[in-house]
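Number of protein chains: 2
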Amino acid sequence: MRQPTLEEVAAAAGVSKMTASRALRGAADVSAESVAKVRAAAERLGYVGNRLALSLSARRTNLVSVVVPSMSNIVFPEVVSGITLGLEGSGLQAVFGISDYDPDKEREVIRNMLSWRPAALIITGLDQPEETLALLRHIDIPVIQLMDLDGEPLDFNIGLSHHAAGAAMGRALIAAGRRRFGYIGSMLGRDLRAAKRREGFAEALRDKGLEWITSSIAPDASSALLGKQLTGALLAGGRDIDCLYYSNDDMAAGGLFACMELGISVPSDILIAGFNGLDLADALPVQIATSRSPRRQMGEAAAHLVRRVLKDGREGVERVIAFTPDIVLGNG
Amino acid sequence: MRQPTLEEVAAAAGVSKMTASRALRGAADVSAESVAKVRAAAERLGYVGNRLALSLSARRTNLVSVVVPSMSNIVFPEVVSGITLGLEGSGLQAVFGISDYDPDKEREVIRNMLSWRPAALIITGLDQPEETLALLRHIDIPVIQLMDLDGEPLDFNIGLSHHAAGAAMGRALIAAGRRRFGYIGSMLGRDLRAAKRREGFAEALRDKGLEWITSSIAPDASSALLGKQLTGALLAGGRDIDCLYYSNDDMAAGGLFACMELGISVPSDILIAGFNGLDLADALPVQIATSRSPRRQMGEAAAHLVRRVLKDGREGVERVIAFTPDIVLGNG
DNA sequence: TCCGGTATCGATACCGGTATCGGTAACGTA
DNA sequence: TACGTTACCGATACCGGTATCGATACCGGA
Chain B
316 MRQPTLEEVA
326 AAAGVSKMTA
336 SRALRGAADV
346 SAESVAKVRA
356 AAERLGYVGN
366 RLALSLSARR
376 TNLVSVVVPS
386 MSNIVFPEVV
396 SGITLGLEGS
406 GLQAVFGISD
416 YDPDKEREVI
426 RNMLSWRPAA
436 LIITGLDQPE
446 ETLALLRHID
456 IPVIQLMDLD
466 GEPLDFNIGL
476 SHHAAGAAMG
486 RALIAAGRRR
496 FGYIGSMLGR
506 DLRAAKRREG
516 FAEALRDKGL
526 EWITSSIAPD
536 ASSALLGKQL
546 TGALLAGGRD
556 IDCLYYSNDD
566 MAAGGLFACM
576 ELGISVPSDI
586 LIAGFNGLDL
596 ADALPVQIAT
606 SRSPRRQMGE
616 AAAHLVRRVL
626 KDGREGVERV
636 IAFTPDIVLG
646 NG
Chain P
316 MRQPTLEEVA
326 AAAGVSKMTA
336 SRALRGAADV
346 SAESVAKVRA
356 AAERLGYVGN
366 RLALSLSARR
376 TNLVSVVVPS
386 MSNIVFPEVV
396 SGITLGLEGS
406 GLQAVFGISD
416 YDPDKEREVI
426 RNMLSWRPAA
436 LIITGLDQPE
446 ETLALLRHID
456 IPVIQLMDLD
466 GEPLDFNIGL
476 SHHAAGAAMG
486 RALIAAGRRR
496 FGYIGSMLGR
506 DLRAAKRREG
516 FAEALRDKGL
526 EWITSSIAPD
536 ASSALLGKQL
546 TGALLAGGRD
556 IDCLYYSNDD
566 MAAGGLFACM
576 ELGISVPSDI
586 LIAGFNGLDL
596 ADALPVQIAT
606 SRSPRRQMGE
616 AAAHLVRRVL
626 KDGREGVERV
636 IAFTPDIVLG
646 NG
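Chains B and P are the protein sequences, given in the same order. Okay, so the first sequence: first residue is 316 according to the working numbering, each after it adds one. Okay, so the second sequence: first residue is 316 according to the working numbering, each after it adds one.
As structure tokens, then:
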């Protein structure tokens, strides 16, 4: 019970392969009678076209390959949703790969993707090692580096400056009267965008003659629980701080929960600031400060860019699309 | 600057296509000299094998197609991570599609997937309409229905009984002394597994002569914010309840936040119960009751089943793998 | 010198579609 | 009757790999 081929459908309908092909694609130059026979045969046999043969023959696929670092952090699935949504109705199909924040694995995933001859490639960030870039310079499809702007793009670039986002948050919190800053983060060696935010924030502090009073960075993946634990440990140290900046909202939410358990008033005693503007942040009993990153929009923008370039070529298409996250300080 | 073909690599290396093919695949019957020449040429030209041609020729792909309802709810990305992880090192590659909880869209996504001739198919739940099942009965690859057990499986089935999970939670909460139950959920017409949990829970109530005192169901997608809003509205109604069962942990977390803002003591005044056992639930300042669904494990189990069946055939492989969620009542 | 075995390589067919082009039947028109 | 036009259809080639089988060169041994 193999999948039937077009040849078999054609035989069942009593016509040639070509006529069957034309009939199923709704081409002209086929009699209504033939169309009916072929349709019926295809239905009866459960025929499903073979995209391998189609794509090989046409020398192009309808695939848009997307490589993200993780699926465990909700922000990437959201970007992925945006891409899928933005591709809807275009006939293009998104395919996803996970790099686990590992540059070597990312290169292998990309190589794997390229072996399917996608029509376009969307990858995360701008910090691919030279070896990966070399791989990408050999191909002639549009390549979009997504979510980050701090660096030299290879082809197209859509995202936001995490360095600037960190700096803007730092300035906003200083303007709000905070002076004694602590940092809590995770996995900065691999999550380079979080590291850029931290560095931008630190620069904003230096501009005002300030610096981190304390800093706690774990090697694990970010999570609310980790944020809670690190915050609990840090506060137990008795440092005198009035603001904690977290690598993201998950961590910050955990920090908030730690404060609530410890009876520390947020934001009057300590202001909690994260990054992303997760849906969760809007529901928290105490609002935390955050930068709303336009995750779905970035995904959709990437999808629309792909559609445009594949349809009309690269001419006149902006190489860089910059987003700016809104800062929300909350009800503090 | 098209992607080079094996033919071009072979020409650059001064050998035939076949020799180049053999050299790159590390086959015997090729001289060390030829291997070196071909490798060098491939490297120089940036050759990446064409999986379309390979798969068409071999009449099989290394693809495992996965269809999930959504990527916005963290549970599905987690399942997806589990599948990807479980496939690691097998040479198999997972490909994902999103159905948006829409049966028609699901059928189209599946049809699209099948056109790539995957080696296996993993879909969510057991409630596909007959039209979709008809599509699946025509194919001879392993099909796994994942995450649910309540129904008649088509081929393989891995998951948990949501009806039983709801009933177990209901019994546990009754045993914990609760009597006046309210329900808060979302999108039950589409999230059939949540509907099954609600029904199972209601049955447990009926067994003890109880029933829902109040129920609030929104058509929107679940989120903490929605849970918070519905809870706020429901509590403003002044119903006398001592326990709220939610469609999932996101909603329940929102419910907890609503209670905290309203000064309602959890769990002494109202016990909050959700479903999933999200990481977030462990970090909340007040623990909520939940059923821990083994999301990564189900994904990994599906991946291992696929590997086994593709390697050794279906003989002797269990058709159904049942998981049971642990109930956590929390620190109430 | 001839033969058999081994190492290495290439020509060909095929996977399942579609593009292309040429063929045939039916019909109208000069 | 001869010819052109139109509608419909099918044979063939090709996409880029690999399986298969046969060819060739070279070696050692009889």
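The beta-carbon is built from N, C-alpha and C at its ideal position, and this holds for glycine as well. Fair warning: this is a prediction, and the values are worked out from it, not measured in the lab.
Counted within 10 angstroms of its Cβ, other Cβ atoms place residue 463 of chain B as buried (16 or more) or exposed: Position 148 of the first sequence, counted from the start, is the residue given in the question as residue 463 of chain B. Residue 463 of chain B counts as buried, since at least 16 other C-beta atoms from the protein chains shown sit within 10 angstroms of its C-beta.
Compile a chain-ordered list of the residues in the region 390-405 of chain B whose CB is closer than 7 Å to at least one CB of chain P. For the region 390-405 of chain B, residues whose beta-carbon sits nearer than 7 Å to a beta-carbon of chain P comprise 392, 393, 395, 396 and 399.
Would residue 508 of chain P and residue 478 of chain P qualify as a contact pair, given that the criterion is a beta-carbon distance under 7 Å? Start at 1 with the first residue of the second sequence, and residue 508 of chain P comes out as number 193. Start at 1 with the first residue of the second sequence, and residue 478 of chain P comes out as number 163. No.
Which residues in the same chain as residue 585 of chain B place their Cβ atom closer than 7 Å to its Cβ, once the five residues preceding and following it in sequence are excluded? As a working note, residue 585 of chain B is residue 270 in the first sequence. Its chain contains 556, 557, 558, 559, 574 and 579 as the residues whose beta carbon lies nearer than 7 Å to that of residue 585 of chain B, once the 5 sequence neighbours on both sides are disregarded; these appear in chain order.
Where residue 401 of chain B falls: helix, strand or coil (DSSP): On the first sequence, position 86 is the one that residue 401 of chain B refers to. Look at residue 401 of chain B here: in three-state DSSP terms it is helix.
Using a Cβ-Cβ cut-off of less than 8 Å, list which residues of the region 598-625 of chain P approach chain B; keep chain order. Answer in chain order: 598, 599 and 600.
Decide if the region 398-410 of chain P is in contact with the region 608-623 of chain P; the criterion is three or more beta carbon pairs, one per stretch, under 8 Å apart. Yes, the region 398-410 of chain P touches the region 608-623 of chain P.
Proximal residues of chain B, C-beta to C-beta of residue 365 of chain P below 7 Å: As a working note, residue 365 of chain P is residue 50 in the second sequence. Neighbours of residue 365 of chain P on chain B, chain order: 430 and 432.
How many angstroms separate the CA atom of residue 435 of chain P from the CA atom of residue 457 of chain P? Working through the second sequence from its first residue, we reach residue 435 of chain P at position 120. Working through the second sequence from its first residue, we reach residue 457 of chain P at position 142. C-alpha of residue 435 of chain P to C-alpha of residue 457 of chain P: approximately 5 Å in a straight line.
Starting from residue 517 of chain B and walking both ways along the alpha helix (DSSP H), at which residues does that stretch end? By 1-based counting over the first sequence, the position of residue 517 of chain B is 202. First-last of the alpha helix (DSSP H) with residue 517 of chain B: 507-522.
In terms of residue numbering, what span does the beta strand (DSSP E) encompassing residue 408 of chain B cover? Taking the first sequence and counting its residues from 1, the one referred to as residue 408 of chain B is at position 93. Looking at the DSSP string, the run of the beta strand (DSSP E) that includes residue 408 of chain B is 408-413.
Those residues which DSSP pairs with residue 474 of chain P across a bridge: Start at 1 with the first residue of the second sequence, and residue 474 of chain P comes out as number 159. Answer is P/462 and P/637.
If we ignore side chains and look at the alpha-carbon of each, how far apart do residue 352 of chain P and residue 330 of chain P end up? Translated into the one-based positions of the second sequence, residue 352 of chain P becomes position 37. Translated into the one-based positions of the second sequence, residue 330 of chain P becomes position 15. Taking the straight line from one Cα to the other gives about 9 Å.
Skipping 5 residues on each side, what residues in its chain have a beta carbon closer than 7 Å to that of residue 599 of chain P? Locating residue 599 of chain P in the second sequence gives position 284, where the first residue counts as 1. Excluding residues within five positions, the ones whose Cβ falls inside 7 Å are 568 and 571.
Hey, is residue 478 of chain P's beta-carbon within less than 7 Å of any beta-carbon in chain B? If you number the second sequence from 1, residue 478 of chain P lands on position 163. So no, residue 478 of chain P is outside the interface.
Contacts around residue 335 of chain P, its chain only, beta-carbon distance under 7 Å, and the 5 residues preceding and following it disregarded: One-based indexing of the second sequence puts residue 335 of chain P at position 20. Correct list, in chain order: 321, 324, 325, 328 and 353.
Should residue 428 of chain B go down as buried or exposed, given a rule of 16 or more other Cβ atoms within 10 Å for buried? By 1-based counting over the first sequence, the position of residue 428 of chain B is 113. Buried, because 16 or more other Cβ atoms sit within 10 Å of the Cβ of residue 428 of chain B.
Tell me which residue opens and which closes the beta strand (DSSP E) that residue 629 of chain P is part of. To locate residue 629 of chain P, count along the second sequence from 1; it is residue 314. Note, residue 629 of chain P: premise wrong, no beta strand (DSSP E); not H, not E.
So is residue 444 of chain B buried or exposed if we call it buried at 16+ other beta carbons inside 10 Å? Along the first sequence, one-based indexing puts residue 444 of chain B at 129. Exposed: under 16 other Cβ atoms inside 10 Å.
Output the boundary residues of the alpha helix (DSSP H) element that contains residue 353 of chain P. Residue 353 of chain P sits at position 38 when you count from the first residue of the second sequence. Run containing residue 353 of chain P: 347-360, per the alpha helix (DSSP H) assignment.
Starting from residue 460 of chain P, find everything on chain B with Cβ-Cβ shorter than 9 Å and list it in chain order. Counting from one through the second sequence, the residue named residue 460 of chain P turns up at place 145. Near residue 460 of chain P there are no residues of chain B at all, since even the closest Cβ is about 19 Å away, more than 9 Å.
Determine the burial state of residue 419 of chain P: buried for a count of at least 16 other Cβ atoms within 10 Å of its Cβ, exposed for fewer. Locating residue 419 of chain P in the second sequence gives position 104, counting from the first residue. So residue 419 of chain P ends up on the exposed side.
Cβ atoms of residue 538 of chain P and residue 563 of chain P: under 7 Å apart, would you say? The residue labelled residue 563 of chain P in the question sits at position 248 within the second sequence. The residue labelled residue 538 of chain P in the question sits at position 223 within the second sequence. Against a cut-off of 7 Å, the Cβ pair of residue 538 of chain P and residue 563 of chain P comes out as no contact.
Is residue 607 of chain P helix, strand or coil by DSSP? The residue you call residue 607 of chain P lines up with position 292 of the second sequence. Assigned with DSSP and collapsed to three states, residue 607 of chain P falls in strand.
Mind listing the chain B neighbours of residue 427 of chain P? Cutoff is C-beta to C-beta under 8 Å, in chain order. Within the second sequence, the letter at position 112 stands for residue 427 of chain P. Those within 8 Å of residue 427 of chain P in chain B are 408.
Along the alpha helix (DSSP H) that carries residue 334 of chain B, what are the first and last residues, could you check? Residue 334 of chain B sits at position 19 when you count from the first residue of the first sequence. Element bounds for residue 334 of chain B: 332-339.
Chain P contact for residue 533 of chain B (CB, 7 Å cutoff): Working through the first sequence from its first residue, we reach residue 533 of chain B at position 218. So, not an interface residue.
Among P/608, P/342 and P/490, which has the Cα closest to the Cα of residue 589 of chain P? Here residue 589 of chain P corresponds to residue number 274 of the second sequence, with the count starting at 1. Among P/608, P/342 and P/490, the Cα nearest to that of residue 589 of chain P is on P/608.
Which of helix, strand or coil does DSSP assign to residue 647 of chain B? Here residue 647 of chain B is taken as the residue at index 332 of the first sequence, counted from 1. Because residue 647 of chain B sits at a pLDDT of 47, beneath the cut-off of 50, its placement in the model cannot be relied upon, and the following sentence gives the value as read from the coordinates. In the three-state reduction of the DSSP assignment, residue 647 of chain B falls in the coil class, being assigned neither a helical nor a strand state.
Along the region 572-585 of chain P, where does the CB come closer than 7 Å to a CB of chain B? Name the residues. Along the region 572-585 of chain P, going in chain order, the ones with a CB nearer than 7 Å to a CB of chain B are 572, 575 and 576.
Residue range of the alpha helix (DSSP H) that residue 343 of chain P falls in? On the second sequence, residue 343 of chain P is found 28 positions in, with the first residue counted as 1. It is not in any alpha helix (DSSP H) - residue 343 of chain P carries neither H nor E in the DSSP assignment.
Name the chain B residues that come within less than 7 Å of residue 469 of chain P, Cβ to Cβ? Position 154 of the second sequence, counted from the start, is the residue given in the question as residue 469 of chain P. Result: empty, since nearest Cβ-Cβ is about 14 Å, beyond 7 Å.
Using C-beta distances below 7 Å, list every residue in its chain close to residue 644 of chain B, excluding the 5 sequence neighbours before and after it, in chain order. What you label residue 644 of chain B is simply residue 329 of the first sequence in a count that begins at 1. Sequence-distant partners of residue 644 of chain B (beyond 5 residues in either direction) whose C-beta falls short of 7 Å from its own C-beta, in its chain, are 487, 491 and 604.
Inter-stretch contact (C-beta, 8 Å, three-pair minimum) for the region 378-395 of chain P and the region 405-418 of chain P: Yes, since at least three Cβ pairs between the region 378-395 of chain P and the region 405-418 of chain P fall closer than 8 Å, the two stretches touch.
Residues of chain P with CB under 7 Å from residue 595 of chain B, in chain order? Reading the first sequence from its first residue, position 280 is the one you call residue 595 of chain B. Going along chain P in sequence order, the residues near residue 595 of chain B (Cβ under 7 Å) are 539.
Suppose you measure from the CA of residue 447 of chain P to the CA of residue 592 of chain B; what does that come to, to the nearest Å? As a working mapping, residue 447 of chain P is identified with position 132 in the second sequence. As a working mapping, residue 592 of chain B is identified with position 277 in the first sequence. Roughly 38 Å between the two C-alpha positions.
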